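Residue numbers (my numbering): 3 to 559. For every residue, glycine included, the Cβ atom is placed at its ideal position computed from N, Cα and C. Every value quoted in this text rests on a predicted model; they were computed, and no experiment measured them.
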């Protein structure tokens, strides 16, 4: 496929950066990050190599779930700014070549949303069927709750009307009845509004839940769940043909093609690779590349459209969920990276960032972030990852990884000039506090993680085969090393990552003509292919990106 045929599919080799406006940069000293502050930091993100901003919820909210309890679809949390500030951010980002996507919460609203206020006023209110209700006492659903530490049922009794409403998440977040055509129309109008303001798509929250797809809830269920997802994609394409839907779909690989829309590719544009992410942590815990290699082999690439894409990540803004692993496998990861029960959450995940999990080992950190950009798909960074931020275990639950961005070693890490007690969240303290980890210092250190991630982003953009191409896991006899090859047309790159601290030499069969060399894109080494064989040395926790250069190849190494 030629570049001229595919240049509009920008998501295939984007570098996505997820951030919470509230925690990123405070421009006016009130202790809360804001859109004006974010606009002032767009140049930093552009220099990092980011090409797409993903904004966590910034809508009006009671803020009982860090903004995911939305009380209005068309506005802005007044603490963060106003619509004019949003437009200025979008304009500034696009001027620097960045696209912008926003969280789209379809599954639920806040119980303070005007719709729900009306819905609970009486059983015959016109907004009643915007939500899912039942009049008879519900059965035991404690095994279906998302937050077992705070909820024991997915049904909540509304004392005002004597009926129960559905909520898969918190009780203050009633589930929408997405089967209601009026709800579908309202969601589409909200999407259209933000697209008209210049957004380039949406990260779609909790997709299996709002589809009622296998959740066991029949009331309010869509007759054809994926038909609704298909209709959202159709609407999106009409309004902006290059906009995307990036779906949060944490289900096993065999179920994933349906969310892409199969080979037609007419539902979600991209899916987060939760299965691969969890396999990566198991591989890191074992110092054995096997689980990750198997996950790559198991990806259902033959059953999806070539335009569909996986989003690859090391860390996201929620708990590091491990629910696709077996109980024994999960315990292995807990033992390696979160043995203290306070580091764990819901019995299924970790509430830690990567650097503390790896004891701050710079070799291992750089290897893992190399892996992020080298795995087939589109890399997604969570704010602060590029400088090696740690978590704040004093914060509740998932908020442990949502501390303010650390810009300098000054008060509040340069995030805000407000008093520390007035900040929207506590700045990390200790070994990963801003006096040790901050952007200003990292920019001056050529060996910093920031410089490493910046180089990786640049090399990733220079290697379209990573986002566009096909891939294969390469066979060899070193268990700690993942070796894979990505190919797109004439272009091909071989990638190696050593998950163990011991050095290794990997011998690969490379079926190329004599005179072919492998040029290291992250260093100055070159390796000759002799009789279709090559030996590649790796340091402990080492990694290499190797351009396959055939005789006469004019691509830059």
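*Are the stretch 452-466 and the stretch 430-438 in contact at 8 angstroms, needing three or more beta carbon pairs?*
no
*Does the separation of the CB atoms of residue 20 and residue 276 fall below 7 angstroms?*
no
*Is it true that the CB of residue 467 sits closer than 7 angstroms to the CB of residue 493?*
yes
_One or two residues paired with residue 549 in a DSSP bridge_ = 495 and 521
*Give me the Cα-Cα distance between residue 180 and residue 298, rounded to the nearest whole angstrom.*
34 angstroms
*Determine which residues share a DSSP beta bridge with residue 530 and list them.*
519
*residue 542, DSSP secondary structure in three states*: coil
*Should residue 386 be labelled buried (16 or more other beta-carbon atoms within 10 Å of its own) or exposed?*
buried
*Is the shortest distance between the beta-carbon of residue 544 and the beta-carbons of chain C less than 7 angstroms?*
Of the chains in the structure shown, none is chain C; there is only one protein chain.
*From this set, 366, 44 and 514, which residue's C-alpha is nearest residue 451's C-alpha?*
366
*7 angstroms Cβ shell around residue 130 - same chain, five flanking residues per side excluded*: 121
*Cβ contact check for the stretch 200-214 and the stretch 98-116: 3 or more pairs under 8 angstroms*: yes
*Taking DSSP as the reference, what is the three-state secondary structure of residue 105?*
strand
*asked:* For residue 565, count the other beta carbons within 10 Å of its own beta carbon; 16 or more makes it buried, fewer makes it exposed. Which is it?
replied: Because the chain here runs from 3 to 559, residue 565 falls outside it and cannot be looked at.
*Backbone secondary structure at residue 110 - three-state DSSP*: strand
_Whole-angstrom C-beta distance between residue 27 and residue 42, which should lie under 8 angstroms_ = 7 angstroms
*Report buried or exposed for residue 85, applying the criterion of at least 16 other Cβ atoms within 10 angstroms of its Cβ.*
exposed
*asked:* So if DSSP puts residue 486 in a beta bridge, which residue, or which two residues, is it bridged to?
replied: 475 and 497
_Secondary structure, beta strand (DSSP E): runs of 3+ residues fully inside the stretch 412-462_ = none
*Taking the beta strand (DSSP E) that residue 160 falls in, what are its first and last residues?*
157-160
*To which residues does DSSP link residue 56 through a beta bridge?*
20 and 103
*asked:* My output table needs one value for residue 227: the three-state DSSP class, helix, strand or coil.
replied: helix
*What separation, rounded to the nearest whole angstrom, lies between the Cα atoms of residue 44 and residue 94?*
7 angstroms
*asked:* Rounding to the nearest angstrom, what Cα-Cα distance links residue 217 and residue 498 in this structure?
replied: Because residue 217 sits at a pLDDT of 47, beneath the cut-off of 50, its placement in the model cannot be relied upon, and the following sentence gives the value as read from the coordinates. Approximately 39 angstroms, taken between the alpha carbons.
*Say whether the stretch 68-84 touches the stretch 330-345, bearing in mind that this needs 3 or more beta-carbon pairs closer than 8 angstroms, one atom from each stretch.*
no
*In the DSSP assignment, find the alpha helix (DSSP H) that holds residue 470 and state where it starts and stops.*
466-470
*State yes or no: is the C-beta of residue 20 nearer than 6 angstroms to some heavy atom of the ligand NAD?*
The ligand NAD is absent from the structure shown, which contains no ligands of any kind.
*Within 10 angstroms of its Cβ, does residue 535 collect 16 or more other Cβ (buried), or is it exposed?*
exposed
*Alpha carbon to alpha carbon, how far is residue 506 from residue 148? Give it in angstroms, no decimals.*
43 angstroms
_I'd like to know whether the C-beta atoms of residue 424 and residue 31 end up nearer to each other than 7 angstroms._
no
*Check the DSSP bridge columns for residue 349 and list the partner residues they point to.*
BP columns for residue 349 are empty, so no partner.
*If you compare alpha carbons, which of 339, 232, 82 and 314 is closest to residue 373?*
314
*Could you spell out where the beta strand (DSSP E) holding residue 1 opens and where it closes?*
Since the first and last residues shown for the chain are 3 and 559, residue 1 lies out of range.
*Helix, strand or coil: how does DSSP classify residue 178 here?*
strand
*Could you please give me the residues that DSSP links to residue 249 through a beta bridge?*
206 and 273
*From 527, 407, 379 and 307, pick the residue whose C-alpha is nearest to that of residue 17; which is it?*
379
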